[in-house]
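**Q** Residue numbers for the sequence shown follow the working numbering, beginning at 679 and rising by one. Note that beta-carbon positions come from the ideal geometry of N, C-alpha and C, so glycine has one too. Before we start, here is the structure in question, set down as structure tokens.
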Amino acid sequence: MNQTVIKIEGLSKTYCIRQVGTGTLCHDLNRLWHKIRGKEDPYLKIGEVNDRSSQGQTCFSKALDEISFDILQGQILGIIGRNGAGKSTLLKIISKITTPSTGIVKLKGKVASLLEVGTGFRTDLTGRENIFLNGTIMGMGAKEIKQKLDEIVDFAGVSRYLDTPVKRYSSGMLVRLGFAVAAFLEPDILIVDEVLAVGDAEFRKKAIGKLGEISHDRNRTVLFVSHNMGAIKSICDRTIVLNKGQLVFDGETDLAIQHYLNDVSTVSDVDLANRSDRNGNGQLRFEDFTMTNKMDESIPVVCTGMHIKFNFNIDVKEALKKTKVFATFRSSSGYTLFICSNFFSNDFYDLEPGKYKITMDLPRFPLSSGQYAIDLKVTSGKTVLDEIESAVTLDVENGDFFGSGRIVTSKNGVLIDHTSSIQRIEH
679 MNQTVIKIEG LSKTYCIRQV GTGTLCHDLN RLWHKIRGKE DPYLKIGEVN DRSSQGQTCF
739 SKALDEISFD ILQGQILGII GRNGAGKSTL LKIISKITTP STGIVKLKGK VASLLEVGTG
799 FRTDLTGREN IFLNGTIMGM GAKEIKQKLD EIVDFAGVSR YLDTPVKRYS SGMLVRLGFA
859 VAAFLEPDIL IVDEVLAVGD AEFRKKAIGK LGEISHDRNR TVLFVSHNMG AIKSICDRTI
919 VLNKGQLVFD GETDLAIQHY LNDVSTVSDV DLANRSDRNG NGQLRFEDFT MTNKMDESIP
979 VVCTGMHIKF NFNIDVKEAL KKTKVFATFR SSSGYTLFIC SNFFSNDFYD LEPGKYKITM
1039 DLPRFPLSSG QYAIDLKVTS GKTVLDEIES AVTLDVENGD FFGSGRIVTS KNGVLIDHTS
1099 SIQRIEH
């Protein structure tokens, strides 16, 4: 039977967002004494959670609130939740980058973390030197690291730049090398945040396959945070859902994804400007999303067969040529269903700096009832300007797609115009 390698009990993390001190030396010392004993801050007002949509009433914000769970050796644990749910804070505490306000974290074995681009790298050192530095930190000898070097370099695809300082690497190269180092130096616990979203699609596929190999073939533990429900579903044995710092679900991955999608905000709440889990060079950024009917009236949900307009506001920082916009509609399992883009009509956009609204007009929305994700991407030539996976979660309700009076009730499918007929060919 696999042993418990991570045990978390009553974990909370509170940040002071205004004044740091209490105002008196006596109260500051009292707070320190409570912290040393692992007790709740006596001057913390109860009930203030990390809700980015509202103005807080106290000087404190709870990023995590009394979280408890165990992880067994060899498990791949998915962690999902909205932005601000506490996912990154949880991983930073487990990685010992930050300390909890209260609660206990018990770890068994070596931990490697990939939380941000360039995590664990000294930018003035070369790629080769950083590999040896990370291996040494994890307690490996030089001979053992040399045995892994070729595998790391081949997986990351950076052999040409191995003796170049990593400060000259692109963000994609840093992510590839960082993941390869963390994966091939064989930690007992590997922690991967949404940073993999920075890599290209081919590398993400390789990385996800490697995570499965680490866990199932080598009996090591993986904690994986992603907004890509398809990736979560494909490799995670178990998934937890965080919401406003609280653990709201812990169980089978399929059920966790459904719980998350049921709880996610409607499309009218989508603010894309503040999304941090995005890729691109920043010359253009998606700012927000709205959904309207054919009369340009705002609507919260869409019905199958309805005339729908998807509107994306963008902010262009500098002049761009041959700009292409892609909206990829995916099922809750992560499968691509269809893509809308000006690329297919060969109608590229030449843009000057400023703000624009892109409208994608679907006269008869083709998806049957269910919940879907929309990935957004905009490119100029071969350069990715902005890319957000699961930018929008879309609820679709039953509708009369064919205009026949028959409501389509099947789940998660694509409907197409067609006719059917029958002709007798033999008497």
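Give me the residue from S1019, V980, Y1034 and G908 with the minimum Cα distance to S1010.
**A** Numbered from its first residue, the sequence shown carries residue 1010 at position 332. Here the closest residue by C-alpha is G908.
**Q** Provide the residue(s) that pair with V853 in DSSP beta bridges, ordered along the chain.
**A** As a first step, residue 853 must be located in the sequence shown, where it is residue number 175. V853 pairs with nothing; no bridge assigned.
**Q** Measure the alpha-carbon distance for E794 versus L769 and round it to whole angstroms.
**A** The residue labelled residue 794 in the question sits at position 116 within the sequence shown. The residue labelled residue 769 in the question sits at position 91 within the sequence shown. Going from the Cα of E794 to the Cα of L769 covers about 11 Å.
**Q** Alpha carbon to alpha carbon, what distance is there between F964 and V994?
**A** Position 316 of the sequence shown holds residue 994. Position 286 of the sequence shown holds residue 964. Roughly 9 Å between the two C-alpha positions.
**Q** Looking at I757 and D1126, is the spacing between their C-beta atoms short of 7 Å?
**A** Summary: the structure shown does not reach residue 1126, with the chain confined to residues 679 through 1105, and so no result is reported for it.
**Q** Buried or exposed for N728, please, with buried defined as at least 16 other CB atoms from any protein chain shown within 10 angstroms of its CB.
**A** In the sequence shown, the residue the question calls residue 728 occupies position 50. Annotation note: pLDDT 45 at N728 (below 50); position unreliable, no value reported.
**Q** Is there contact here, the stretch 834-847 with the stretch 814-825, by at least three beta-carbon pairs under 8 Å?
**A** Touching, no.
**Q** Buried or exposed: where does F927 fall if 16 or more other Cβ atoms within 10 Å of its Cβ makes it buried?
**A** In the sequence shown, residue 927 corresponds to position 249, counting from 1. The residue is buried, with at least 16 neighbouring Cβ atoms inside 10 Å.
**Q** For a quick check, are the C-beta atoms of V1003 and V1056 less than 7 Å apart?
**A** For the purposes of this step, residue 1003 is taken as the residue at position 325 of the sequence shown. For the purposes of this step, residue 1056 is taken as the residue at position 378 of the sequence shown. In this structure, V1056 lies closer than 7 Å to V1003 by Cβ.
**Q** To the nearest angstrom, how far is it from the Cα of F857 to the Cα of F799?
**A** Residue 857 sits at position 179 when you count from the first residue of the sequence shown. Residue 799 sits at position 121 when you count from the first residue of the sequence shown. Taking the straight line joining both Cα atoms gives about 12 Å.
**Q** At the level of alpha carbons, what is the spacing between E864 and I892?
**A** For this step, residue 864 is matched to residue 186 along the sequence shown. For this step, residue 892 is matched to residue 214 along the sequence shown. Approximately 8 Å, taken between the alpha carbons.
**Q** On the DSSP letters alone, give me the boundaries of the alpha helix (DSSP H) that F927 sits inside.
**A** Mapped onto the sequence shown, residue 927 falls at position 249. Where F927 is concerned, there is no enclosing alpha helix (DSSP H), although the beta strand (DSSP E) it sits in stretches over Q924 to G929.
**Q** Under the assumption that T804 contacts K691 (Cβ atoms under 8 Å), give the Cβ distance between them as a whole number of angstroms.
**A** For the purposes of this step, residue 804 is identified with residue 126 of the sequence shown, where counting begins at 1. For the purposes of this step, residue 691 is identified with residue 13 of the sequence shown, where counting begins at 1. Not confirmed; about 36 Å, so no contact.
**Q** Is the stretch 1059-1078 touching the stretch 1015-1032, taking contact as three or more C-beta pairs under 8 Å?
**A** The stretch 1059-1078 vs the stretch 1015-1032: no contact.
**Q** Between the alpha carbons of K685 and D932, how many angstroms are there, rounded?
**A** Position 7 of the sequence shown, counted from the start, is the residue given in the question as residue 685. Position 254 of the sequence shown, counted from the start, is the residue given in the question as residue 932. The alpha-carbon atoms of K685 and D932 are separated by roughly 23 Å.
**Q** For H937, which residues of its own chain have a beta-carbon under 8 Å away from its beta-carbon, when the five flanking residues on both sides are left out?
**A** Here residue 937 corresponds to residue number 259 of the sequence shown, with the count starting at 1. Cβ within range, chain order: V919, V926 and F927.
**Q** Check whether the Cβ atoms of F967 and V1070 sit closer than 7 Å, and answer yes or no.
**A** In the sequence shown, residue 967 corresponds to position 289, counting from 1. In the sequence shown, residue 1070 corresponds to position 392, counting from 1. It is a contact, given that the beta carbons lie within the stated cut-off.
**Q** Output the distance between the C-alpha atoms of A997 and G958, rounded to the nearest integer angstrom.
**A** Residue 997 sits at position 319 when you count from the first residue of the sequence shown. Residue 958 sits at position 280 when you count from the first residue of the sequence shown. Their Cα atoms are separated by approximately 16 Å.
**Q** By alpha-carbon positions, which one of L1015, F747 and T777 ends up nearest to L1045?
**A** What you label residue 1045 is simply residue 367 of the sequence shown in a count that begins at 1. Taking only the C-alpha atoms, the option nearest L1045 is L1015.
**Q** Given a cut-off of 7 Å, decide if C1018 and G1077 are closer than it, judged by their beta-carbon atoms.
**A** Here residue 1077 corresponds to residue number 399 of the sequence shown, with the count starting at 1. Here residue 1018 corresponds to residue number 340 of the sequence shown, with the count starting at 1. Not closer than 7 Å, so no.
**Q** Roughly how many angstroms separate the alpha carbons of N808 and R854, rounded to a whole number?
**A** Counting from 1 along the sequence shown, the entry for residue 808 is found at position 130. Counting from 1 along the sequence shown, the entry for residue 854 is found at position 176. Going from the Cα of N808 to the Cα of R854 covers about 13 Å.
**Q** Quick one: Cα of V783 to Cα of P1041, how far?
**A** The sequence position of residue 783 within the sequence shown is 105, counting from 1. The sequence position of residue 1041 within the sequence shown is 363, counting from 1. Roughly 53 Å between the two C-alpha positions.
**Q** How many Å lie between E1075 and G983 at the Cα?
**A** Taking the sequence shown and counting its residues from 1, one reaches residue 1075 at position 397. Taking the sequence shown and counting its residues from 1, one reaches residue 983 at position 305. Approximately 10 Å, taken between the alpha carbons.
**Q** Just to confirm the assignment: which complete alpha helix (DSSP H) runs, minimum length 4, are found wholly within the stretch 1016-1074?
**A** Segments of the alpha helix (DSSP H) lying fully in the stretch 1016-1074: there are none.
**Q** Going by alpha carbons, who is nearest to T801 out of S976, L852, G759 and S739?
**A** By 1-based counting over the sequence shown, the position of residue 801 is 123. Checked all of S976, L852, G759 and S739; the closest Cα to T801 is L852.
**Q** Taking the straight line between their C-alpha atoms, what separation do you get for I1111 and K821?
**A** No answer is possible for residue 1111: the residues shown for the chain start at 679 and end at 1105.
**Q** Would you decide whether V844 is buried or exposed? Buried here means 16 or more other CB atoms lie within 10 Å of its CB.
**A** Mapped onto the sequence shown, residue 844 falls at position 166. It counts as buried.
**Q** Between N708, K883 and T777, which lies nearest to L742 when the distance is taken from Cα to Cα?
**A** As a working mapping, residue 742 is identified with position 64 in the sequence shown. Minimum Cα distance to L742 is reached at T777.
**Q** Given a cut-off of 7 Å, decide if N812 and G752 are closer than it, judged by their beta-carbon atoms.
**A** Taking the first residue of the sequence shown as 1, we reach residue 752 at position 74. Taking the first residue of the sequence shown as 1, we reach residue 812 at position 134. Not in contact: G752 and N812 (Cβ atoms no closer than 7 Å).
**Q** Using only the alpha-carbon positions, how far apart do L792 and K911 sit?
**A** The residue given as residue 792 occupies position 114 in the sequence shown. The residue given as residue 911 occupies position 233 in the sequence shown. For L792 and K911, the distance between alpha carbons rounds to 20 Å.
**Q** Mind checking Q961: buried by the 16 CB within 10 Å criterion, or exposed?
**A** Here residue 961 corresponds to residue number 283 of the sequence shown, with the count starting at 1. The residue is buried, with at least 16 neighbouring Cβ atoms inside 10 Å.
**Q** Along the chain, where does the beta strand (DSSP E) that runs through A1005 open and close?
**A** Residue 1005 sits at position 327 when you count from the first residue of the sequence shown. Looking at the DSSP string, the run of the beta strand (DSSP E) that includes A1005 is L998 to S1009.
**Q** Given a cut-off of 7 Å on the beta-carbon distance, is the pair L868 and A934 in contact?
**A** In the sequence shown, residue 868 corresponds to position 190, counting from 1. In the sequence shown, residue 934 corresponds to position 256, counting from 1. For L868 and A934, no; Cβs fall outside 7 Å.
**Q** Go ahead and label S739 buried or exposed: buried means 16 or more other beta carbons lie within 10 angstroms of its beta carbon, across all protein chains shown.
**A** Looking up residue 739 in the sequence shown gives position 61. Counting Cβ neighbours within 10 Å, S739 comes out buried, since at least 16 surround it.
**Q** Alpha carbons only, please: which of L785, S904 and T682 is nearest the one belonging to A763?
**A** The residue labelled residue 763 in the question sits at position 85 within the sequence shown. Out of L785, S904 and T682, S904 has the C-alpha closest to the C-alpha of A763.
**Q** Give me the Cα-Cα distance between H1096 and V870, rounded to the nearest whole angstrom.
**A** As a working mapping, residue 1096 is identified with position 418 in the sequence shown. As a working mapping, residue 870 is identified with position 192 in the sequence shown. Rounded to whole angstroms, H1096 to V870 spans 45 Å at the Cα level.
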